[in-house]
Amino acid sequence: MAHEEKKLKLYSYWRSSCSFRIRIALNLKGLKYQYIPVNLLKGEQFSPEFQKLNPIGYVPVLVDGEIIVSDSFAIFMYLEEKYPQHPLLPSDLQKKALNFQAANIVCSSIQPLQNLAVLKYIEEKVSPDDKIPWAKLHIEKGFEALEKLLKDHAGRYATGDEVFMADLFLAPQIHAGIKRFNVDMAKFPLLSRLNEAYNELPQFQNAMPENQPDSPSA
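As structure tokens, this is what we get:
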């Protein structure tokens, strides 16, 4: 296992919430990896070298020996099967489906609408003043849905008293909502409580944007 762990490389950007998800997963599974920064603001994701790894030019990308996996959802599923230690999906089918639902609200209905390319387009084609309101609108719509979805299932964490997939997708999105888009979390008491629980976990703290080697504060 130690030999396998050393092969792992993660192409990441410090503020990317998609990369954040995978950093948490790697930490929880106890997998060591080489952090390779990709500066999205400088356009390094469009370089020929990176496009060979992921033709659409997004982070994260995981390299495991000869295997290259891009997209955080795909990387998560790959890690879950290849490295089954500390399972991040429950065995109960209903609870597993709930984790997929919550994760998909984040990665399909919230995050794509606030990513760098979309915000840049709005800034250029609409107005710079509309960028943050646009992001907040879609984040809050998603947060409202997540509050309703999880209210009868949450324990200490999103789907019970163990950390699972939903938590790995929620934590970075809540963090971005607070730090980047000034979302008023008082409207989302369940998510606020979950965020407090995540802040107590070292595997989540170590994955925080500000703790990455390419963070401006590093």
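So for the sequence shown, the working numbering puts the first residue at 19; every next one is plus one. Every residue, glycine too, gets a C-beta built ideally from N, C-alpha and C. All figures in this text were calculated on a predicted structure; none of them were measured in a lab.
- Sorting Q112, D170, E98 by C-alpha distance to the C-alpha of L186 places E98 at the top.
- In the DSSP annotation of this structure, the continuous segment of the alpha helix (DSSP H) that includes K149 starts and ends at 149-168.
- With a cutoff of 7 angstroms on beta-carbon distance, K47 and Y101 are scored as near each other.
- Taking a 10 Å sphere around the C-beta of V124, we find 16 or more other C-beta atoms and assign the residue as buried.
- When secondary structure is reduced to three states using DSSP, I42 falls in the helix class.
- Here the alpha carbons of D82 and Q230 stand approximately 20 angstroms from one another.
- In the displayed model, S30 falls within a strand according to three-state DSSP.
- Counting the other CB atoms within 10 Å of its CB gives Y139 a total below 16, which places it among the exposed residues.
- Here S37 is near V77, since their CB atoms are less than 7 angstroms apart.
- Looking only at S126, P190, F118, D147, the smallest Cα-Cα distance to S34 is reached by P190.
- The C-alpha of Q63 lies about 24 angstroms from the C-alpha of G195.
- M183 and L106 do touch by the CB rule: their CB atoms are close to 5 angstroms apart, below 8 angstroms.
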